[in-house]
Every structure is written in C-alpha cells, then in structure tokens.
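In what follows, a structure is listed as structure tokens, so that the remarks can point back to it.
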Amino acid sequence: MDFSKLDLEAIAKEHKTPLYVYDMDAAIAQARALRAALPSCIDLLYCAKANANKAVLSGFIPHVSGLDISSAGELDLAVAVGWKPSVMSFAGPGKSEDELERAISAGVHVISVESPTELRRASAIATRLGKEQSITLRVNPMSAPKEFPMKMGGLPSQFGVPEEQADEVMAEALRTKGIRVVGVHVFSGTNCLEPRAIVDNAQGTLAIASRLAEAHDLQPEIVNLGGGFGVPYFPGQEPMDVAALGKAVGDAVSVFREQNPRFAKTRFLLELGRFMVAEFGIYVTRVLDVKETRGKRFAILDGGMHHCFPATGNFGQVIKKNFPVANASRPGEKTEPHEIVGPLCTPIDSMARALELARAEIGDLVVFDRCGAYSYAASPLLFLSHDTPPELVLQDGRITLVRPRRPASYFQ
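Residues 3 to 414, numbered by this note's numbering, are exactly what the sequence shown covers, in order.
Shown next, in the form of structure tokens:
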C-alpha cells in the first residue's frame with residue numbers, strides 16, 4: 003500500500019498506535035481491473051475470511067458478483083452491511099448443524115458440500131424446512147500444481163471429497179431429498195504467483211467438472227474454480243499482471259466452453275480474498291524501546307503478533323521471511339539490521355529478523371505492509387489482554403474510523 007500520501011503521524015496521534023489502515027479505493031480498483039479482464043461467464047466473488055471489516059465487506063458490494071463465506075458469523079456480518087444471501091457461497095470442511103440451518107433458512111445461494119455426512123445433514127435440514135438447497139460438490143483433486151505454497155487439494159486433507167470418491171458421493175447427492183446439485187467446486191491452494199500454474203489449476207478443475215458431468219448426465223449451473231491468486235510479500239517476488247492473468251484464465255474457460263456444450267450456460271466462479279485486499283492494508287506501530295543486546299539491535303514495538311500474526315512467519319511459512327516493513331519516521335535514511343519485536347512476553351512475538359531498517363529510535367512509526375488480508379482477522383487478539391487495534395479505511399479520499407480500539411474487558 004502506498005502510505006506516502008497519508009499523514010501517518012497525524013493519524014497515529016489522533017487514534018494512537020497500533021492501528022490498521024485499509025485503502026479501499028485501491029482494493030476496489032484491483033477488483034474492477036480483474037473484472038474487466040474476465041469474460042462475462044466468470045463471476046468474481048470476494049472471500050470474507052480474508053478481511054470481514056464492515057467497510058471492506060460493504061465496499062465490494064457494487065464491484066463483485068457475490069461473496070464467499072465460511073461461517074454463520076460471516077453470513078451475519080455480511081447481511082448486516084447489505085449483502086444478500088442469494089449471492090453467497092458457503093464453504094468449509096466443518097459446518098455445524100446450526101450453521102447449515104441458518105444458511106439454508108437465510109436462502110444462501112449455494113452450499114459447497116464437503117463430505118457424505120455434510121450432504122446428509124443438509125438434506126435433513128432442508129427437508130425439515132420444506133426447502134430445496136442448491137449445492138456444489140467440493141472435490142479434492144488427485145493433484146495440484148506445486149507452485150501453490152499452501153495446498154488444500156492434491157494431498158490428504160480435510161477439504162472436500164477425494165476425487166476418487168467423487169462419483170459415489172455425486173450419485174448419492176443426485177438422489178438425495180431436499181438437495182439440488184448445481185455443480186462442482188475445487189479449491190487446490192492459495193497465494194500462487196505463477197500465472198501458468200493458476201491456469202493449469204483452472205484447467206484441472208474444468209477437467210474434473212467435465213468428467214463428472216458426463217458420468218452423471220449433468221448440465222452444471224456452476225463450476226467454482228476456487229482462487230489462490232497470490233500477492234508478493236517477500237524480496238524476489240513480483241506482482242502478477244492483473245489484466246494478463248484475468249485474460250489467461252478467461253481464455254482457458256472460453257476454450258473449455260466451446261469444446262464442452264454441456265457447459266454453455268454454466269457460471270464459472272473465482273473466489274478471491276488475499277488478492278483483493280492484502281496489498282491494500284498497513285499495520286502501524288510505534289517504537290517503545292530500543293536495546294543493543296549481544297551484537298543485535300532490538301526495536302520493541304507497541305504492537306505485535308497478537309494483532310498481526312502472519313508477520314511472525316507462523317501463518318503458512320515454512321521458513322521465516324520478513325514482511326515489507328518501513329520506518330515511516332525516517333524515510334530514505336541509511337539502514338542497518340534490526341530485530342523487530344512486539345511487546346508480548348513470548349519469544350514468538352518476533353515480527354522481523356535481521357531486517358534492514360532506517361535506524362529506529364523510541365517514538366518512531368514502524369509500518370508493516372501487505373496487511374490487508376489474514377492479519378487482524380487471523381490474529382490472537384486477546385492474547386495477553388492488550389487492547390485491540392482500531393481499523394481505519396481510506397475510501398473516496400477520506401480516512402474513516404470503522405472499528406474502534408477496544409479493551410479486553412469489552413469481550414468479557
């Protein structure tokens with residue numbers, strides 16, 4: 003996120019640190035650019051799990067076709083800001099009976115069924131409610147491109163029905179009361195930065211959908227291609243060209259439709275979260291103390307892993323790498339190695355190691371970039387009972403406080 007246009011010192015003085023800022027103007031521009039590159043048969047869904055801040059959720063309503071949810075809580079949050087359940091897709095390997103009933107009662111468009119047990123639960127609930135629930139069958143493919151750093155498919159996992167069992171479960175679904183099978187869902191992995199691998203993955207999903215459609219005489223209404231579009235966090239990684247990527251995926255889908263008449267009226271879904279918001283959020287902290295310890299310079303911040311857990315490297319990284327971090331109080335100054343740590347009494351509150359940073363002094367603002375996705379939403383906010391950080395949103399050129407700072411006692 004380009005925070006050079008923001009007066010961070012003024013924002014920090016007004017709202018105190020640590021805090022988050024999200025640039026919804028930039029996030030919406032990203033969504034619109036991708037949407038413009040895709041053919042009309044592909045619908046773009048925002049994944050609420052990436053960032054369910056109410057301004058982020060509501061901001062995307064005019065710019066995407068639907069919303070991917072993974073809990074009844076996300077359903078409630080989305081409805082509260084104006085989303086209609088009729089454009090929602092509900093996925094997740096463990097949906098409780100209560101969640102399924104709330105989703106079916108609310109009229110969620112499609113539930114991604116991930117096991118025979120879940121199929122039977124959904125059937126019983128829909129039948130009791132006198133409804134017919136549309137579902138997609140989520141399939142765990144036999145293989146997935148190696149370029150996806152975090153995989154949900156192509157290996158033994160809790161996600162979906164193994165491809166080798168898909169025919170059996172599809173046959174059961176087609177004869178199950180209260181259930182209407184509308185298509186197939188595959189989500190193989192996340193944060194891929196290789197366009198060719200993303201296209202290969204989409205083609206693999208299309209092949210699975212084609213085989214199941216032929217075997218069970220289906221004309222699918224939906225093929226959910228998943229997502230997994232990545233963003234660059236670390237040195238040596240490059241952003242993908244949005245227009246070129248959208249065109250490449252769109253071309254693969256268009257060729258498939260031409261070759262497979264069963265899919266002439268199918269809607270193809272892309273569900274994206276990280277790609278939509280990660281680059282457009284920052285976590286702003288202030289240096290509380292500086293220590294020289296056994297040859298290393300430690301900058302101790304007022305924020306840490308309890309607010310921005312992924313920066314510690316414990317959220318999908320095998321080897322710890324540093325997020326993009328800057329000393330916003332000393333732009334352009336000579337850098338030196340720092341250990342960047344939070345205020346918590348645990349050694350895992352290490353936010354960056356051997357980081358080249360303009361020499362940090364007490365009171366400086368240290369900013370973590372790429373924090374728009376899976377940051378606030380994926381952090382242990384109540385660990386050690388510090389206040390939660392406020393969330394501010396930049397939209398239409400104005401900064402607005404959307405979620406205030408809250409003490410731990412607020413949650414008692």
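The C-beta atom is built at its ideal place from N, Cα and C for all residues, glycine as well.
Just so we're clear, the structure is a prediction, and the values are computed from it rather than from any experiment.
Nearest-angstrom Cα distance between residue i and residue j?
i	j	result
P345	A330	19 Å
R361	K15	22 Å
G315	K267	43 Å
E196	S411	45 Å
G187	F150	The identity of residue 187 in the sequence shown is His, whereas the question assumes Gly. Cα-Cα distance, rounded: 17 Å.
F282	Y376	12 Å
F385	K249	44 Å
S67	T348	43 Å
G162	V89	21 Å
G252	W85	26 Å
S114	A108	16 Å
G374	A217	42 Å
K7	A175	54 Å
L211	G61	Before going on, a small fix: residue 211 reads as Ala here, not Leu. Each residue's alpha carbon lies about 32 Å from the other.
S256	P41	8 Å
L208	P164	16 Å
D4	P95	36 Å
S145	D202	11 Å
E294	P234	32 Å
K298	H111	55 Å
P326	N55	22 Å
A12	I401	12 Å
S73	E116	14 Å
A52	I71	10 Å
C243	A199	Looking at the sequence itself, residue 243 is Asp, so the reference to Cys does not match. About 14 Å.
Quick check on residue i: does DSSP put it in helix, strand or coil?
i	result
Y378	helix
K218	Per the sequence shown, residue 218 should be read as His rather than Lys. Reduced to three states, the DSSP call for H218 is helix.
A410	helix
S212	helix
F92	strand
P197	helix
G185	strand
T314	helix
N329	strand
L383	coil
R405	strand
R37	helix
A362	coil
T494	Residue 494 is absent from the model: the chain starts at 3 and stops at 414.
T268	coil
Ends of the beta strand (DSSP E) at residue i?
i	result
N142	135-142
D25	21-25
G61	Here G61 belongs to no beta strand (DSSP E); instead the alpha helix (DSSP H) covers 56-62.
V81	No beta strand (DSSP E) contains V81, which is instead part of the alpha helix (DSSP H) from 74-82.
F300	298-303
I224	224-226
S114	112-115
I71	68-71
C373	Looking at the DSSP string, C373 is not in any beta strand (DSSP E), and its letter there is neither H nor E.
D45	44-49
T337	337-343
E393	393-397
Over what stretch of residues does the alpha helix (DSSP H) that includes residue i continue unbroken?
i	result
S125	118-131
M278	276-279
I350	Taken as a continuous stretch (DSSP letters only), I350 belongs to no alpha helix (DSSP H), as it is neither H nor E.
I106	99-108
K293	That residue, K293, is in no alpha helix (DSSP H); its beta strand (DSSP E) goes 283-295.
P16	The amino acid occupying residue 16 in the given sequence is Glu; Pro does not appear at that position. Its alpha helix (DSSP H) spans residues 10-17.
Are the CB atoms of residue i and residue j nearer to each other than 9 Å?
i	j	result
R130	T178	no
E338	R355	no
L303	M353	yes
A421	V279	No answer is possible for residue 421: it lies beyond the span of the chain, which begins at 3 and ends at 414.
G238	T192	no
V369	L139	no
Y285	A328	no
T119	T287	no
R169	Q397	Rather than Arg, the amino acid found at residue 169 in this sequence is Asp. No, these two residues do not count as a Cβ contact at 9 Å.
R332	D291	no
P241	G185	no
L59	A31	no
G132	F189	no
I63	L272	no
K323	F236	yes
S136	R104	no
M307	P409	no
A57	E76	no
P48	L220	Strictly speaking, residue 48 in this sequence is Tyr, with Pro absent from that position. Not in contact: Y48 and L220 (Cβ atoms no closer than 9 Å).
Report the residue ranges of all alpha helix (DSSP H) runs contained in full by the stretch 155-183; include only those spanning at least 4 residues, in chain order.
-> 168-176
Quick one: complete alpha helix (DSSP H) runs, 4+ long, within the stretch 231-266?
-> 244-261
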